[in-house]
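Read top to bottom, the protein sequences are chains A and B. Each residue of the first sequence is one higher than the one before, starting from 5 at the first, in the working numbering. Each residue of the second sequence is one higher than the one before, starting from 375 at the first, in the working numbering. Remarks on the structure that follows.
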Amino acid sequence: MRIFLAIFLAIPLAAQTEWLTGSLDAGYRRRTGIGGSANTYRSVVDLGTGLRLLGADFTLSDPKKRSFDRLDLQAAGWGGDPWRTLHVNARKSRLYDFTGDYRNIAYFNNLPSFADPLLSRGIVLDEQAFNVHRRLGSFELALLPGHWIVPYLAFDSDADSGAGSTTFAGEGNEFPLPVTIRDSTRNYRGGTRIELRHFHATLEQGGTTYKDDQSIYSNSGIPNYGNNSKPLPGRTLYLDSLLAGWGIRGSSIYSRGLFTASAASWLDLYGQFLYSIPENMVSHQQAATGSLANPTRLIFFTGQQYLLSAESKLPHSSGSIGAEVRPFRRLRILESWLTDRLYSGALSFAQQRLTPASLPQPGSTSTSSLLVTNRNQEETLVFLELTSKLTLHGGYRYVWGDASNSVLPASGLMPTDTGKLRRNGGLGGISFRPTHKLTIGGDAEGASSGSAYFRTSLYDYQRVRGRARYQISGSLNLSANFSLLNNANPSAGSNFEYLAHQESISLAWIPAHRFWNVEGTYTRSTLRSDISYLQPQDLQPAISSYRDNAHTASALIDLRLPSYSGLIPKFSFGGSLFVSSGSRPTTYYQPLAKLFVPLGKNLAWISDWSYYGFGESLYLYEGFHASLVTTGLRFVR
Amino acid sequence: MARAVLILFAASLAAQTYVGSETCGTCHEGIYQAWAKTPHRDVKQACKSCHGTGSRHAESTSAADILNPAKLPPAESDRDCLSCHLNRPTHVGRIQSSHAHNQVACITCHTIHATAVRGPNALNRQCTTCHMDVRAEFQRPYHHRLPEGAVSCVDCHNPHGSFRPGMMRQVAANDVTCFKCHGDKRGPFTFEHAPVRFEGCASCHEPHGSANPRMLTRHEVRLVCLECHANLPATAAPGVVLPSFHDLRSPRYQNCTVCHQKVHGSHVDRNFLR
């Protein structure tokens, strides 16, 4: 953060030409003590105390156009915020265009309500917690932009590192343990864009590399009694030590081809072909000691070693093509077809040894797995402009596919699961623009399925959306939205019913020559989902019901305060709230207030207060509240 | 008669000539200065390319004598933009997009006379001007860090159109956009979890925001799993496995992923235990 500030301030203010413009916000944030659950606060908000680069957004324009014509830079959150971003764009007309993006996003999640089998025993522990950082980088360099042939190179990186908690499961018990997480994916690609007036093609070749080195190490000397407190024929199960490591190395090659063409004045064509073949090599080792058991075979052992090696491949090809035909000025026909085919095959070989050696040994096992899926879609749409203000559209969509998943040997499960997808649907919509200040639109979709993959898949469904925007005056705008999805799978044993609808309204009132303006949005959302199942313990029928009825609102009111020396301070207040009832009643309040006081032409004092209040009536121990005050300076050029 | 019509036509053409963008800027100074900072400044006869020849309007200053794309039907105003921008990689999939189906014109999102919105916060605000229900979803406690500015709508969606449902982007050729950041879920896995491949991450997650931890579609993990693993006869649907004999009344079995941790797919265990 200090580097950004130093660069910005070192530039002489009395520059002859404004080759540097922009702003930089820097300050100090203080968080009050967290009331309630600090872990939930970190899982939801995670803002802390300290010096921060709150935001930077500036542009360098080289008047002599040497290395670059223009360089844009945006940054935020540096100094310790859980999300730090940096975006750079540099370009020189018709020579190069470079874009770089870097993000460091913290992911902390520790919620006992999520995974705490030991809560009834007074142990508050999320056995699936995370405290990791995800670092994302994305860089692309295009050469000769604006020419008819544009080569480009790009590199993307995604790396995850940190710690968490997990369980060592199996052997009659589950033992919560700390875990180290470390994985990364690197994507290298390059290609060429051919951009002609009536035709374009993009040809790209790329590859990825993948590494995953997750590990668990526990050797505290204190027995870990796990989640199962019941002795197994007189023996208490516990874990003394565990060393487990995953060494996964993968790579992929992929090809991508896109094209668009204005084949004639009445015909546009589009298409793409994509192919990738990622593969992974797996090496897994595990060594455990303690009082362990195999309940199925009723074998008790004091040590276990497990080695596995595996290989998997996933050839995946996709293609699509579309056309827009305009036989008449007011009539357009859109036709598209797409297919996606995926095949995942793997082999694994595992060996296990138990201690003492006199026990019957599990020996080695070989397993093969195969997952195949293909999904296809054909869609025809007709657009008719009845008048210059009214457009109707209607069409048909057919979706079909097959899928199967098998693992051999079956070991008591179904050797192969198969599914089919067959869905016929109709589409329609209307767009009405009586004046340029008022637009009303809506679309509807309905489909009936002969088969679907899963019980919760779209089956017999109707989807409706409506929207309206009205510019009441030059300063007052009103918008409204409505959406509904109704889905049902009446097949025997499922009785799945799903209904979700949202209604939203927003207002923006920004009158000229007034000292105030107002923006606000309100959304009401309702979700209802029911599905039948058999309880595993007694195979009695039961219904799983989920309900969510929520009100969400946000508003911001800006006030211009009395001016002085030609400078206008501003005060803003507002915030957002979320209140829901149903299966997981939740309240989440985020009021805020901001003050902007200019100290001169290029300097302002900025300050804001924000409050976070979270509560769940079914999980009172996870509620929290906290206030944050941030104060700093804004430098403007 | 035909000659008279031709003479009138030629006369009308002669009456309308290109006056140059600088002439437009003498009255529309603010617009001209903002436009001069945009890439469109390099377009020859830039004002004319969207608004038509302007000599009559320059004389009369009447709005009726100049073309205003904002007042045209979306398909007509789009033709202006697409006359130059049609054959670009961003437009592959355009005709399949919800934006195209619902007559969302280019100028609904793009301000031609001014520089593009800068930064994820401004961009997200623009999307949620229409997608207010999506904005509400991001106000839920567990959400992708979009309101905080760490993620933007265009990280996952291609607003110009995509062949994928919901205008979702693709990465590494044809992977779902989720894997751009969640590369550890990409696989391939030795033992795949079918819904991840067959129907995608939205089988179990609400990607915008949820009141449920891990942005799950239900408030407790086991209820998500029971949607498929319902202990019904095996022929009912894929994944409807034989009875597992877990007693769901026991806290040990009320979160399936305590044991079945690698639920997105396992490199090691067919039951996703490790």
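Glycine included, every Cβ here is placed at the ideal spot set by N, Cα and C. Fair warning: this is a prediction, and the values are worked out from it, not measured in the lab.
Roughly how many angstroms separate the alpha carbons of residue i and residue j, rounded to a whole number?
i         : j         : result
Val570(B) : Gly561(B) : 10 Å
Trp654(A) : Tyr242(A) : Not covered by the structure: residue 654(A). The range shown for chain A is 5 to 641.
Leu147(A) : Leu342(A) : 31 Å
Ser280(A) : Ser259(A) : 6 Å
Gly54(A)  : Gly31(A)  : 8 Å
Asp76(A)  : Asp61(A)  : 8 Å
Val376(A) : His414(B) : 48 Å
Arg437(A) : Val92(A)  : 40 Å
Gly251(A) : His475(B) : 47 Å
Cys530(B) : Thr391(B) : 45 Å
Asp216(A) : Leu480(A) : 54 Å
Asn428(A) : Gly426(B) : 45 Å
Tyr623(A) : Ser614(A) : 24 Å
Glu626(A) : Val183(A) : 23 Å
Val286(A) : Leu311(A) : 11 Å
Leu99(A)  : Leu207(A) : 20 Å
Cys552(B) : Arg190(A) : 15 Å
Lys574(A) : Val417(B) : 39 Å
Gln290(A) : Arg426(A) : 44 Å
Ala350(A) : Ala314(A) : 7 Å
In terms of residues, what are the limits of the beta strand (DSSP E) holding residue i?
i         : result
Ile547(A) : Pro545 to Arg564
Leu90(A)  : Trp87 to Lys96
Val528(B) : Looking at the DSSP string, Val528(B) is not in any beta strand (DSSP E); the run it does join, the alpha helix (DSSP H), is Cys527 to Cys530.
Lys636(B) : Neither: Lys636(B) is in no beta strand (DSSP E) and is coded neither H nor E.
Ala314(A) : Ile303 to Lys317
Leu296(A) : Leu271 to Asn298
Leu147(A) : Phe134 to Leu147
Ser340(A) : Leu335 to Thr359
Val522(A) : Trp520 to Leu538
Glu501(A) : Phe500 to Trp513
Using a Cβ-Cβ cut-off of 7 Å (strictly less than) and excluding sequence neighbours within five positions of residue i, which residues of its own chain qualify?
i         : result
Trp152(A) : Ile198, Glu199 and Leu200
Asn231(A) : Pro121, Leu122, Asn177 and Glu178
Phe563(B) : Gly639, Ser640 and His641
Gly394(B) : none
Gly40(A)  : Gly627, Phe628 and His629
Leu603(A) : Trp609
Ser266(A) : His202 and Asp272
Which same chain residues, not among the five before or five after residue i, have their C-beta less than 6 Å away from its C-beta?
i         : result
Lys636(B) : Phe646
Ile547(A) : Asp534 and Ser536
Pro366(A) : Gln356
Leu442(A) : Tyr474
Ala585(B) : Arg514
Gly59(A)  : Asp29 and Ala80
Val329(A) : Leu271 and Ile337
Thr44(A)  : Glu626 and Phe628
Val640(A) : Ser27 and Asn606
Report the three-state DSSP secondary structure of residue i (helix, strand or coil).
i         : result
Arg588(B) : helix
Tyr392(B) : coil
Phe553(B) : helix
Tyr623(A) : coil
Val478(B) : coil
Glu403(B) : helix
Asp73(A)  : coil
Considering residue i, what are the terminal residues of the alpha helix (DSSP H) in which it resides?
i         : result
Val570(B) : Ala568 to Phe572
Ser451(B) : Pro448 to His459
Thr44(A)  : Ala42 to Val48
Phe512(B) : Met506 to Phe512
If I measure Cβ to Cβ from residue i and keep anything under 8 Å in the same chain, skipping five residues before and after, which residues do I get?
i         : result
Gly493(B) : Gly523
Asp421(A) : Ser408, Asn409 and Ser410
Problem set entry | Three-pair Cβ contact test at 8 Å for the region 525-539 of chain A versus the region 556-576 of chain A | The count of Cβ pairs closer than 8 Å, one atom from the region 525-539 of chain A and one from the region 556-576 of chain A, reaches three, so the stretches are in contact.
Exercise. Does the count of Cβ pairs from the region 451-467 of chain B and the region 477-488 of chain B closer than 8 Å reach three?
Worked result: yes
Exercise. Can at least three beta-carbon pairs, one atom from the region 481-488 of chain A and one from the region 461-468 of chain A, be found at a separation below 8 Å?
Worked result: yes
For this session: Inspect the CB distances between the region 515-528 of chain B and the region 161-172 of chain A and report whether three or more fall short of 8 Å.
Result: No, because fewer than three Cβ pairs between the region 515-528 of chain B and the region 161-172 of chain A fall closer than 8 Å, the two stretches do not touch.
Exercise. Is it a yes or a no for the region 131-138 of chain A touching the region 101-120 of chain A, going by three-plus beta-carbon pairs under 8 Å?
Worked result: yes
For this session: Please determine if the region 332-348 of chain A and the region 285-304 of chain A are in contact, where contact requires at least 3 C-beta pairs separated by less than 8 Å.
Result: Three or more beta-carbon pairs separated by less than 8 Å are not found between the region 332-348 of chain A and the region 285-304 of chain A, which leaves the two stretches without contact.
Exercise. Does the region 571-579 of chain A touch the region 588-601 of chain A, meaning 3 or more C-beta pairs lie closer than 8 Å?
Worked result: yes
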